[in-house]
Structures are given as C-alpha cells and as structure tokens.
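Chemist: Numbering (our numbering), first residue to last: 40 to 166. Just so it is clear, CB atoms sit at the ideal spot from N, CA and C, and this is done for glycine as well. Note that the coordinates shown come from a computational prediction; the quantities given were computed from them, not determined experimentally. Structure below; questions to follow.
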C-alpha cells in the first residue's frame, strides 16, 4: 500500500469513510489493512472511553504494525457517536501522527490540531 497515513471519518458529509491524502476514498483497498482497522470495525472502537464523548482528547493505539489516533469528532457529523481516526503505518508517538496528518490533510487540520492524549489511555495497546 502506497499511502502511509489515512483519515477515517467524515470529510464533506456525514458518511464515515477511509480517505487517502489525495482526498480519495480508500474503499476497496481496505482489505490491505489489518481486520480490526477496516470499516465498519474501525468505527467507534478506538476513541477515548468516555460516556460524555468529550471532543479534543485522543487515544493512541499501536496495532498490527499501525498507529491509530482516534477521537470523538462532531466537525461534520453532529450526531452522538461520531468519531474520527488517523491511521499511520508503523509505531509513532501522537505528535508524529498529528504532524504527518497536518501535512497530508491540511483541510482537516482544525479538527485535530489541538488534540491531546487522554492521560490514562494514550498508551500502546494490543488487541
């Protein structure tokens, strides 16, 4: 797979999809990802465990050679349960994922630029 970072969430409408840096739907290539990172399994699985779904906090996960940064996100879809994630190949800290995402998804930067790690949850996990 050529793309080293992907965005999962809503871009222009309330449809949650995997997106490449070129604003293309990742779609059929999702089979190249580990099973737990493919939609629909990806949806809502990795944001902070928080009943209030507070925006602005992210969880960092390391899974099957990928880093996932996920957060509750109502930037486009205002419904409860709306979330987004950044998937980056390799093992990276939160800061590196956010930096790469800003370079590859500048239009979405306002939605993730100020994310902070959820204190107890911004750790590597295996599933």
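Sorted by chain position, which residues of the same chain lie with C-beta nearer than 8 Å to residue 64's C-beta, five sequence neighbours on each side aside?
Modeler: Counting only residues of its own chain and dropping the five nearest sequence neighbours on each side, residue 64 has a CB closer than 8 Å to the CB of 56, 57, 58.
Chemist: What separation, rounded to the nearest whole angstrom, lies between the Cα atoms of residue 93 and residue 81?
Modeler: Cα-Cα distance, rounded: 19 Å.
Chemist: Name the DSSP beta bridge partners of residue 169, please?
Modeler: Here the chain covers residues 40 to 166 and nothing more, so residue 169 does not appear.
Chemist: What is the rounded straight-line gap between the Cα of residue 164 and the Cα of residue 85?
Modeler: Its pLDDT being 43, under 50, residue 164 is placed unreliably by the model, and the measurement read from it follows with that caveat. C-alpha of residue 164 to C-alpha of residue 85: approximately 11 Å in a straight line.
Chemist: Is it right to say residue 46 is buried, meaning 16 or more other beta carbons lie within 10 angstroms of its own, or is it exposed?
Modeler: buried
Chemist: Determine the DSSP secondary structure at residue 114, reduced to helix, strand or coil.
Modeler: Residue state, collapsed to three classes: coil.
Chemist: Ordered along the chain, which non-local residues of its own chain (more than five positions away) have a Cβ less than 6 Å from that of residue 162?
Modeler: Only weak support exists for where residue 162 lies, its pLDDT of 41 falling under 50; the coordinates are left without a value.
Chemist: Which of the three DSSP states, helix, strand or coil, is assigned to residue 67?
Modeler: helix
Chemist: Is it buried or exposed for residue 40, if we count other Cβ within 10 angstroms and need 16 for buried?
Modeler: Residue placement at residue 40 is poorly supported in this model, since its pLDDT is 47, which falls under 50; the coordinates still yield a value, given next. It is exposed - the Cβ of residue 40 has fewer than 16 other Cβ atoms within 10 Å.
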